[in-house]
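In the numbering used here, the protein residues as written are 44 to 176.
Heads up: the structure comes next, in structure tokens.
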């Protein structure tokens with residue numbers, strides 16, 4: 044889907060425990076974090092959400108979000124492609140991805156990567172830390 048007229052900006056990307064939508068349409072991001080702690084490895088993180096908001100673009104786009112181990116550049120988990128359309132420059136679109144039972148084989152540095160039409164638009168750290176027993 045690369046017939047875009049104007050590539051959008053990523054307004055935000057948020058990692059959190061849960062996302063809720065209020066009756067008035069507002070989104071609530073609960074438990075925003077950048078570190079996952081675990082006592083033993085491999086560790087399973089049972090649930091997390093990543094929300095990406097796209098603005099100031101026009102056209103049809105494909106998004107994918109993934110978590111990558113920085114040490115070996117291996118993908119830990121990723122979404123399927125999500126297609127969306129921005130019909131006007133004032134439009135926005137939020138893609139919410141839910142990840143369940145993510146297995147981290149070791150502590151270390153990971154990246155959340157936000158990909159638009161096959162290109163990494165933004166990446167940022169997600170640390171998986173060894174907690175003392």
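We put the CB at the ideal spot given by N, CA and C, even for glycine.
Roughly how many angstroms lie between the CA atoms of residue i and residue j, to the nearest whole one?
i           : j           : result
residue 103 : residue 146 : 33 Å
residue 158 : residue 51  : 12 Å
residue 171 : residue 152 : 6 Å
residue 67  : residue 90  : 26 Å
residue 176 : residue 83  : 8 Å
residue 125 : residue 57  : 17 Å
residue 55  : residue 139 : 12 Å
residue 87  : residue 141 : 15 Å
residue 92  : residue 76  : 10 Å
residue 116 : residue 133 : 36 Å
Less than 8 Å between C-beta atoms, sequence neighbours within five positions excluded: which residues of the same chain meet that for residue i?
i           : result
residue 154 : 110, 111, 113, 166, 167, 168 and 169
residue 156 : 108, 109, 110, 111, 163, 165 and 166
residue 121 : 107, 108, 109 and 110
Could you please give the first and the last residue of the uninterrupted beta strand (DSSP E) stretch that includes residue i?
i           : result
residue 131 : From DSSP, residue 131 is part of no beta strand (DSSP E); its letter is neither H nor E.
residue 26  : This structure does not reach residue 26, given that the chain is present from 44 up to 176, and the question cannot be answered.
Grab me the residues of residue i's own chain with a C-beta within less than 7 Å of its C-beta, minus the 5 sequence neighbours each way, in chain order.
i           : result
residue 136 : 97, 127 and 129
Kindly identify the DSSP beta-bridge partner or partners of residue i.
i           : result
residue 154 : 111 and 168
residue 136 : 97
I'd like the list of long-range same chain contacts for residue i, defined as Cβ closer than 6 Å, with 5 residues on each side in sequence excluded.
i           : result
residue 74  : 59 and 60
residue 63  : 71
residue 161 : none
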